[in-house]
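Residue numbers (the numbering used here): 4 to 242.
Where is the CB? At the ideal position from N, CA and C, for every residue including glycine.
Everything below concerns the one structure shown next.
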Amino acid sequence: MNRAETFSFVNPLIRYFLFIFSFLFWVFSMLIVAIGVYAKFQKAVTVRDTFLIDPAVILIVVGVVMFFITFCGCIGALRENIRLLKTFSFSLTLVFLILLAIAVLGFFYSDQQTRGALGKFVKKAIVHYRDDLDLQNLMDYIQKEIKCCGWNKYTDWSWNLYFNCTHENPSFERCAVPYSCCTPAVINTMCGFGVQTQDYREANALIYPVGCADRAVTWIESHLLLVGGLALGLALLQV
Ligand SMILES: *[C@@H]1O[C@H](CO)[C@@H](O)[C@H](O)[C@H]1NC(C)=O
């Protein structure tokens, strides 16, 4: 080969480093998509019903985006295609900024903000518990998982028309709480009936007597921190 054929605009060391690095993540992205698709078909129903966004869909979207970006880096470096390399660098910058924003939100979303947003959401979920099957499943999931009942306490179920504990309420579930409030030791599906009229000690024997607020906030915050840490790690890797 003569000089013209081996001439390169790009430092060969950087070029092959970029190629190998992109290639590894290209393969990795295909793995992520495969796992996402597998998860989607495995537990499609239960997972979709308990989370607001299906985690399998997140995996697939992240994998596909990663696939295209690393593909640009991989082929761009190999062929010295300036357009592909520019696309690669632009997308990487964009993703970097998005990850940085997520990391900052994850770390700095304060206790009060989390509590406020979550409280509003749970109140809505309690009020519309019987109108929306997704909200009902989510609320049941939260109460069983965190072992709690209501937002501040179990009498919060009065926010719901069916469970409201005023004397005028004609509903046969008046003063009840949903079955998902009941401790696993109680098999009777009507165990929540009349619980709102009982005091803390009586209720304690049948249901989880504490509200979901404190534990839910702690749970969300530990996960926000994890999300922030993951985003920061990925962003550093990109730099
Ligand atoms: C229960 O229903 C009554 C009458 O509709 C209403 O005034 C009251 O505020 C409700 N209770 C709660 C806790 O929302």
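Check: residue i C-beta below 6 Å from any heavy atom of ligand 1
i    : result
W162 : yes
N155 : no
N167 : yes
Cβ-Cβ distance between residue i and residue j below 7 Å
i    : j    : result
N163 : I129 : yes
G195 : V180 : yes
Q199 : F99  : no
T73  : F124 : no
K75  : F91  : According to the sequence shown, residue 75 is Cys rather than Lys. In contact: C75 and F91 (Cβ atoms closer than 7 Å).
I38  : L62  : yes
L227 : G109 : yes
G66  : S113 : no
N- and C-terminal bounds of the alpha helix (DSSP H) containing residue i
i    : result
Y211 : Where Y211 is concerned, there is no enclosing alpha helix (DSSP H), given that its DSSP letter is neither H nor E.
F166 : Taken as a continuous stretch (DSSP letters only), F166 belongs to no alpha helix (DSSP H), as it is neither H nor E.
I17  : P15 to Q45
A80  : P58 to R82
M193 : Where M193 is concerned, there is no enclosing alpha helix (DSSP H), given that its DSSP letter is neither H nor E.
S94  : I85 to F111
L222 : The residue asked about is misnamed: residue 222 is Trp in this sequence, not Leu. First-last of the alpha helix (DSSP H) with W222: A216 to Q241.
Residue closest to residue i, alpha-carbon to alpha-carbon, out of the options
i    : options                   : result
Y144 : L34, Y182 and P173        : Y182
D1   : C178, Y203 and C151       : What the structure shows of the chain is the stretch from 4 to 242, and residue 1 is not part of that stretch, so it cannot be assessed.
I23  : W154, G79 and S225        : G79
L87  : F71, I101, L102 and L97   : F71
H131 : Q115, Y165, Q116 and H226 : Y165
N155 : V36, R18 and G214         : G214
M193 : E176, P58 and L233        : E176
L229 : V40, N14 and F111         : F111
V220 : Q116, T158, A206 and L233 : Q116
G231 : Y203, L103, E83 and L21   : L103
A206 : C184, R82, I190 and N191  : C184
When you compare the segment 138-145 with the segment 107-123, are there three or more beta-carbon pairs, one atom per stretch, that lie closer than 8 Å?
no
Using 8 Å as the cut-off, can you tell me whether the segment 222-240 makes contact with the segment 164-172, which would need three or more C-beta pairs spanning the two stretches below that distance?
Output reads no: the segment 164-172 does not touch the segment 222-240.
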